[in-house]
Structures are given as structure tokens and as C-alpha cells.
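**Q** Take this structure, written in C-alpha cells, and hold onto it; I'll ask about it next.
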Amino acid sequence: MDKLKNRNIRFRYKKEIFAVVLCIILCVSLHYICTWECVMKTECRFMAQFENNKSRKVAADIIKECSVFPAAKNENVNREDKVNCYYENGYGDGRSFGGKRKHEGIDIMSSVDKKCLFKIRSVSDGTVEKKGWLKLGGYRLGIRSDSGIYYYYAHLASYADNIKCGDRVKAGQFIGYMGNTGYGDEGTSGKFPMHLHFGIYIKDGTGESSINPFYLLKKLEKCR
Ligand SMILES: [Zn+2]
Numbered sequence: 001m002d003k004l005k006n007r008n009i010r011f012r013y014k015k016e017i018f019a020v021v022l023c024i025i026l027c028v029s030l031h032y033i034c035t036w037e038c039v040m041k042t043e044c045r046f047m048a049q050f051e052n053n054k055s056r057k058v059a060a061d062i063i064k065e066c067s068v069f070p071a072a073k074n075e076n077v078n079r080e081d082k083v084n085c086y087y088e089n090g091y092g093d094g095r096s097f098g099g100k101r102k103h104e105g106i107d108i109m110s111s112v113d114k115k116c117l118f119k120i121r122s123v124s125d126g127t128v129e130k131k132g133w134l135k136l137g138g139y140r141l142g143i144r145s146d147s148g149i150y151y152y153y154a155h156l157a158s159y160a161d162n163i164k165c166g167d168r169v170k171a172g173q174f175i176g177y178m179g180n181t182g183y184g185d186e187g188t189s190g191k192f193p194m195h196l197h198f199g200i201y202i203k204d205g206t207g208e209s210s211i212n213p214f215y216l217l218k219k220l221e222k223c224r
């Protein structure tokens with residue numbers, strides 16, 4: 001009688017364990033499906049800004065070669081410090097410093113106005129093409145990918161040690177720290193809140209022109 005009772009209890013638990021495992025599998029699957037759907041949507045939105053087949057090929061190259069979100073919390077920052085980054089679709093917004101112009105990138109802002117809280121990473125493999133001070137961009141790096149796309153990282157607080165023009169970099173490689181340099185002579189900082197200005201430039205007929213990286217960033221962030 002007892003044996004039969006024990007077997008029934010075991011059987012009942014088996015059913016419960018099966019239900020829990022099934023639930024976990026369903027939740028994980030749902031999470032992956034939602035993430036995948038979001039990634040696909042943001043890819044489509046990114047592609048939508050390209051008008052013809054030639055530029056769509058460039059967009060496909062960008063999607064293929066970019067694998068890393070450009071800002072990552074510095075691991076030396078205290079875990080208790082609530083430091084986050086955020087950004088919105090401010091591409092094309094008006095700017096006035098240095099003359100009336102359009103904003104040619106996306107600003108990834110730090111929630112805490114302190115330098116070096118975020119490490120800046122290359123979004124793709126490539127070669128360092130430009131390094132140094134720009135009146136608008138402050139300390140900046142320009143990295144040319146193998147497909148010819150130019151990725152622009154501006155307002156850095158400082159560079160990764162020894163990084164120089166001609167260096168090969170890998171996607172995800174640390175290249176410098178987030179800062180707020182620029183809008184003046186070399187060394188000027190503090191004219192605006194701490195952020196990374198991230199830009200993408202593609203070749204066109206006359207030279208290079210910027211495109212909107214917003215949906216690419218969303219995709220790299222897995223649509224967080
Ligand atoms: Zn900007």
C-alpha cells in the first residue's frame with residue numbers, strides 16, 4: 001500500500017517538474033523569438049533610409065560587419081553606482097556651434113556626468129584612419145572598416161594606450177573613454193554633457209556623407 005502511495009507521489013512530482021521545465025523552455029523560446037523579431041524590425045528600419053540597390057548593399061555590409069554596441073560600462077565603476085547610457089533618434093537635429101548645421105550622428109549619453117564611466121569599443125573590425133583633436137569632435141577616432149565604411153567616435157576623454165593611425169582593431173576592442181571634449185581649442189571640455197557621438201559615413205559620388213546609425217545601435221543593443 002505504502003509502495004503504491006510513494007509511486008503516486010513520485011508520479012505527481014514528475015508531472016510538476018515536467019510542467020516547470022516546459023514553462024522555462026516556452027519562456028526562453030518566447031524571449032528569443034521577441035528579440036529576433038525586434039532585431040529584424042530594426043534592421044528593416046535601418047535599411048529603409050537607403051534608397052537604391054547600391055546603397056542597400058552598403059547597408060547590408062554595415063549590418064554584417066557591426067557586431068558590438070560602442071559603449072560599455074567601465075568594469076571599474078562601482079556596481080552600486082547606477083550608471084547607464086541612453087540615446088534617442090537625434091540624427092539631423094539642428095546644431096549651431098561652428099555655424100548652422102545638422103547633427104550627423106547619434107549621441108550616446110551617460111546618466112552620470114563624469115568622464116571615463118564608459119569604455120568605447122569599435123563596432124567592427126577595421127583600421128584606425130584618424131586620431132586627434134577636432135574643434136567640433138574633440139578627441140576623436142575614425143576607423144575604416146574593410147568594406148570601406150568610416151566609423152566616427154567623438155568627444156573622447158582619452159584614448160586606449162598606444163592606439164595610433166594604421167592600427168588594426170577588432171570588433172569590440174577598447175579604443176578610448178567616453179568624455180565631453182570639443183567645441184573649442186585642443187583640450188577644451190565641459191561645454192556639454194558627457195557622451196559619445198557616434199557617426200557613420202559612406203562613400204557617395206562627391207565624397208562621403210553621413211547616415212543615421214540609430215536603428216543599427218538599437219540592433220546592436222538587441223533592442224533593449
Ligand atoms: Zn553628436
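FYI, full-length UniProt numbering numbers position 211 of the sequence shown as 211, with every residue one higher than the one before it. All C-beta atoms in this analysis are idealised placements derived from N, C-alpha and C, irrespective of residue type, glycine included. From a predicted model like this one, the values you see are computed outputs, not experimental measurements.
(1) Are three or more beta carbon pairs between the stretch 202-221 and the stretch 41-53 nearer than 8 Å?
(2) Any chance the CB of H195 is under 8 Å from a heavy atom of ligand 1?
(3) Name the two residues that bound the continuous alpha helix (DSSP H) containing A60.
(4) What is the rounded straight-line gap between the Cα of V77 and the Cα of L117?
(5) Specify the secondary structure class of F50 as computed by DSSP and reduced to three states.
(6) Could you tell me the distance, in whole angstroms, from the CA atom of D107 to the CA atom of E88?
(7) Three or more C-beta pairs under 8 Å: does that hold for the stretch 176-185 against the stretch 121-135?
(8) Please state the DSSP three-state secondary structure of S29.
(9) In the DSSP assignment, what residue or residues form a beta bridge with V169?
**A** Per the coordinate set shown:
(1) yes
(2) Stepping through the sequence shown from its first residue, residue 195 is reached at position 195. H195: yes, Cβ under 8 Å from ligand 1.
(3) Here the question's residue 60 lines up with position 60 in the sequence shown. Element bounds for A60: 53-65.
(4) Taking the first residue of the sequence shown as position 1, residue 77 is located at position 77. Taking the first residue of the sequence shown as position 1, residue 117 is located at position 117. V77 and L117: Cα-Cα distance of roughly 6 Å.
(5) If you number the sequence shown from 1, residue 50 lands on position 50. Correct three-state label for F50: coil.
(6) As a working note, residue 107 is residue 107 in the sequence shown. As a working note, residue 88 is residue 88 in the sequence shown. Spanning the two alpha carbons is a distance of roughly 8 Å.
(7) yes
(8) Counting from 1 along the sequence shown, the entry for residue 29 is found at position 29. Helix, per DSSP.
(9) Position 169 of the sequence shown, counting from 1, holds the residue named residue 169. DSSP lists G126 as partners of V169.
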